[in-house]
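Counting from 742, one number per residue, gives the positions in the sequence shown under my numbering.
Virtual Cβ for every residue (Gly too), placed ideally from N, Cα, C.
The structure displayed is predicted, hence computed values, not measured ones.
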Amino acid sequence: MLFVLRHAQRADDKTVKEDVFIENEWDPPLTSYGINQAKFSGETIQSIVQKIRSDRHEVRVVTSPFLRCVQTAAKVAEALGESTVYLEDGFCECLFPYLFPRNPLNSLVIRTPNTRISNYLPANLKYEPATRFAPSYPESNMLEVRKRVVQTFASYRSDMEQWENRGEGKMPIYIIVTHSYCLSVLTENIDHKNAKSSAILAPGYCALTYAYWMDSTWKTRLLCSDHHLKGNNLVLYIMFGLLLYAVNYLRLYIWQQPEVS
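And the structure:
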């Protein structure tokens, strides 16, 4: 079973109005809204996994080492009751020199000793290096990124194929948290028929692909879908509207009562 999830809303998104401290300009954290998106996504994945999960399964949350992905993965791990998040450089951001004048991987927040990591991530989780394919810096074009992502995924895919062929050990359930283009590449890799759909070409925050390997082929159930967020967004909007109503009521009828002359 495979889930591929794009990270939640990043703090340096130009549409974001929230004032979020960005410690490393190459490695922005999530907004508070993004943290909620990640939480909802983790709950969605948990609702699917719990229907089939047993002692025969091994769940692994694998993520790009960029902070926005690690924060998203941490919320997923918490929802699943997992204690470890695995850092995979092969699913990292595109390493183009116009984005990063030097290789950013060693200076990310998760790898900087003096960073107050507890400001961003829960202390009860472990963050283990688990890179199977180390990317080269710089990458010059999308084809290089695609090749790197596909080669990285081949190792994880092999785990699932071997389990089906041998039926030995625990069946792997992978949750991969990554970036927009990497999500598109991975989704295309498992579902060639829908490779040109707009959802795959331009996935939104916390877009989710869900598939499983059976009879030597992928069976897809979700393709870069963010529908799991929409119901929760509606709840948030309703709660926010009720809060504004309450504040206005207090302002008009309690806080600004006319003085008695």
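- The secondary-structure analysis by DSSP pairs W954 across a beta bridge with W959.
- R887: member of the alpha helix (DSSP H) spanning 883-907, first to last residue.
- Short of 6 Å from the beta carbon of E799, and not among the five residues preceding or following it, lie these beta carbons of its own chain, in chain order: K911, P913.
- If you check the CB distance, Q778 and Y922 do not come in under 7 Å.
- The C-alpha of I931 lies about 16 Å from the C-alpha of R747.
- Counting of Cβ neighbours within 10 angstroms places K780 among the buried residues, the total reaching 16 or more.
- In terms of Cβ geometry, E829 and T872 form a close pair [threshold 7 Å].
- Secondary structure of I786 (DSSP, three-state): helix.
- Sixteen is the threshold: since fewer than 16 other Cβ atoms of the shown chains lie within 10 Å of the Cβ of I793, the residue is exposed.
- Per the DSSP secondary-structure output, F744 pairs in a beta bridge with I916, Y951.
- If you ignore the 5 residues before and after T928, its C-beta comes within less than 7 Å of the C-beta of V745, I941, T950, L964, C965, all in its own chain and listed in chain order.
- Scanning its chain for C-beta atoms nearer than 6 Å, with the 5 sequence neighbours on each side dropped, one finds around Y953 the residues M742, K960, in chain order.
- Cβ neighbours of Y878 within its own chain (closer than 7 Å, five residues either side excluded): L836, N844.
- In this structure, DSSP gives R852 a helical state, which the three-state scheme calls helix.
- Minimum Cα-Cα distance from S881 among the listed residues A815, H968, P842, Q791 corresponds to P842.
- Using a Cβ distance threshold of 7 Å, A749 and G783 do not count as a contacting pair.
- Between Q812 and T919, the alpha-carbon positions lie close to 11 Å from each other.
- Annotation for M883: C835, Y922 place their beta carbon closer than 8 Å to its own, counting only its chain and skipping 5 residues before and after.
- Inter-residue distance for A752 and D956 is about 42 Å (C-alpha atoms, whole angstroms).
- The alpha carbon of L846 has as its nearest neighbour, out of D967, F807, T772, the alpha carbon of F807.
- Closest in alpha carbon position to K816, among T853, D760, L849, S773, is S773.
- Annotated as proximal: Y827 and V803, with beta-carbon spacing under 7 Å.
- For the pair N860 and L821, the Cα-to-Cα distance works out to about 22 Å.
- 7 Å or more divides the Cβ of R889 from the Cβ of P870.
- Beyond the five residues adjoining it in sequence on each side, V761 comes within less than 6 Å, by CB distance, of A752, T772 in the same chain, given in chain order.
- Assigned with DSSP and collapsed to three states, V811 falls in helix.
- Looking at the DSSP output, R873 bridges to nothing.
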